[in-house]
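Down below is the structure, laid out as C-alpha cells.
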Amino acid sequence: MIPKTIVRSLKSGSPVILLLIYVISFSLVIREVEKASYLNEIRADERLLSEDFEKKCSWSASNGSFLATVHFVLSTVTTIGYGDLFPCSTYGQLLTLLLSLTGIPVTMVCLARLGQLLASGAERLWLIYIKLKLFIAHFVKKTSLLFSQNRTTRNVENYDEFVVVTLSIMPISFGLFLAVLWLLLSSIYFYFVMSNDGVTFFDAFYFVVISVLTIGLGDFVPKNFDLVWINFFFIVIGLALVSMCISIIQMQMENMFEQALDRIQLEYKQRMIASSSDQVYVRQSLRSVNLNHIRRMNGLQFTAGFISKHFIKNKL
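Note that my numbering has the sequence shown beginning at 1002, numbered continuously upward.
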C-alpha cells in the first residue's frame, strides 16, 4: 500500500511532472526535425557556407544540441521568448505552435501551484518572525518590572499589539522582500555565468528582471546551454514568486473588502439596536404618561365621589 502522503504529493506535483515530460519530449522532437531540415539545406546547396547558414537559421550545428533545444522549449512555454533560437522548417514551426498551445497552460498551472507552495512557506517564515518578536517583547516585559510601572504598562500594550499582528495576514511587503532577495541571488548567479561575455552585475540584474517579467528582449542571453536547467530553475522560481506576490495582493484585497463589509454590517446592527432602543424608550415613556394620566383621572373621580358622598348629601 502506498502512503496517502506520497499519493497527495504526487497529485500536487503532477503538473510539474507533466511539464517536464512536455519539455523533454518536445525538445527531442524539435531537435530531430530541425536537424533534418539543416541537413537538407546543406545537401540542397553545398556551396552555402556554414556561417551564412547560421545567420539564416539559428538552429545551426553549434546550437542544435539537446540542451539548446531545452533552452528554446523552456523559453517558449514560459512565454519569455528570448529570440536567440527559432525554428526554420515548417514542421518545426508547427511543433512550436503545438508546444505553445499545450505547454503554456500547463506552465501557468505549475507556476500557480509553485506560487501557492511558496506563499505557504513565506507565511511560515512570517509566523516564525512574529513568534520571535513576541518572545522578545515578552522578555522586555519581564525585564521592565525592574523599572517603572509606566514602562511596564506600555510594554503590555505593545505585547497586545503584537498578539493582534499574529492574527493578520502576511503583508505584501514581506512577499516583495523575498522576491527582491531572490532577484539579487539570481543576479549574482547569472553574473558569474555570463561573466565571460563581459556582463556587469547590473546587466545580470536587468536580465533577471526582464526574464521574470516575461518580456525577454534577448539583448542578454546565457550562451552556455550546459547550465540550462540551473538557469531556468532561478527564472522559474522568480516567476513563481511573482505569482505569489499577486496571490498575496489578492488575499489582502479580499481581507480589506471583508473587513469593510464587516464594519458596514456592524454599523448597521448598531443603528438598528439604537433605533429599537429609542422605540422602546418612547413606548416606555408613553406607557408611563398613560399610567400617570389614568392615576390622575382615578384620583379626580375618587375625590369627586368622596365630596359628593360626604358633603353634598349632608347638606341636603
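Built from N, CA and C at the ideal position, the CB exists for glycine as well.
If you compare alpha carbons, which of the options is closest to residue i?
i	options	result
Leu1019	Leu1112, His1072, Ala1069, Ser1066	Leu1112
His1072	Met1252, Met1257, Asn1232	Asn1232
Leu1029	Arg1272, Thr1097, Ile1137	Thr1097
Leu1099	Tyr1023, Val1222, Leu1118, Leu1184	Tyr1023
Ile1025	Leu1128, Gly1104, Pro1088, Leu1095	Gly1104
Pro1223	Tyr1192, Tyr1130, Phe1175	Tyr1192
Val1110	Leu1133, Gly1219, Val1237	Val1237
Lys1131	Val1107, Arg1114, Thr1108, Met1171	Reading the sequence as shown, one finds Ile at residue 1131 and not Lys. Of Val1107, Arg1114, Thr1108, Met1171, the residue nearest in Cα terms is Met1171.
Gly1219	Phe1087, Arg1114, Leu1133	Phe1087
Less than 7 Å between the beta carbons of residue i and residue j, yes or no?
i	j	result
Gly1093	Glu1035	yes
Ser1248	Gly1116	yes
Thr1215	Thr1080	yes
Gly1082	Gly1239	no
Gln1251	Ile1173	no
Ser1187	Phe1235	yes
Thr1070	Ile1031	yes
Val1229	Leu1068	yes
Leu1119	Ala1241	yes
Phe1178	Asp1204	no
In whole angstroms, give me the CA-to-CA distance for residue i and residue j.
i	j	result
Phe1140	Ser1212	45 Å
Lys1270	Gln1260	15 Å
Val1017	Leu1075	13 Å
Leu1168	Leu1128	At Leu1168, the pLDDT of 48 sits below 50, so the modelled position is not reliable; the number obtained from the coordinates is stated separately. Straight-line Cα distance between these residues: approximately 10 Å.
Trp1183	Cys1089	36 Å
Ile1189	Leu1262	46 Å
Ser1196	Phe1202	9 Å
Arg1272	Phe1258	21 Å
Val1200	Ala1138	47 Å
Val1194	Phe1175	29 Å
Thr1108	Val1181	22 Å
Glu1255	Arg1114	20 Å
Leu1021	Phe1136	44 Å
Ser1066	Leu1185	30 Å
Asp1198	Pro1106	34 Å
Phe1027	Leu1095	12 Å
(message) For the pair the segment 1203–1218 and the segment 1264–1276, tell me if three or more CB-CB distances fall below 8 Å.
(response) Short answer: they don't touch.
(message) Within 8 Å, do at least three Cβ pairs link the segment 1120–1129 to the segment 1241–1255?
(response) Contact between the segment 1241–1255 and the segment 1120–1129 is present: three or more C-beta pairs spanning the two stretches fall below 8 Å.
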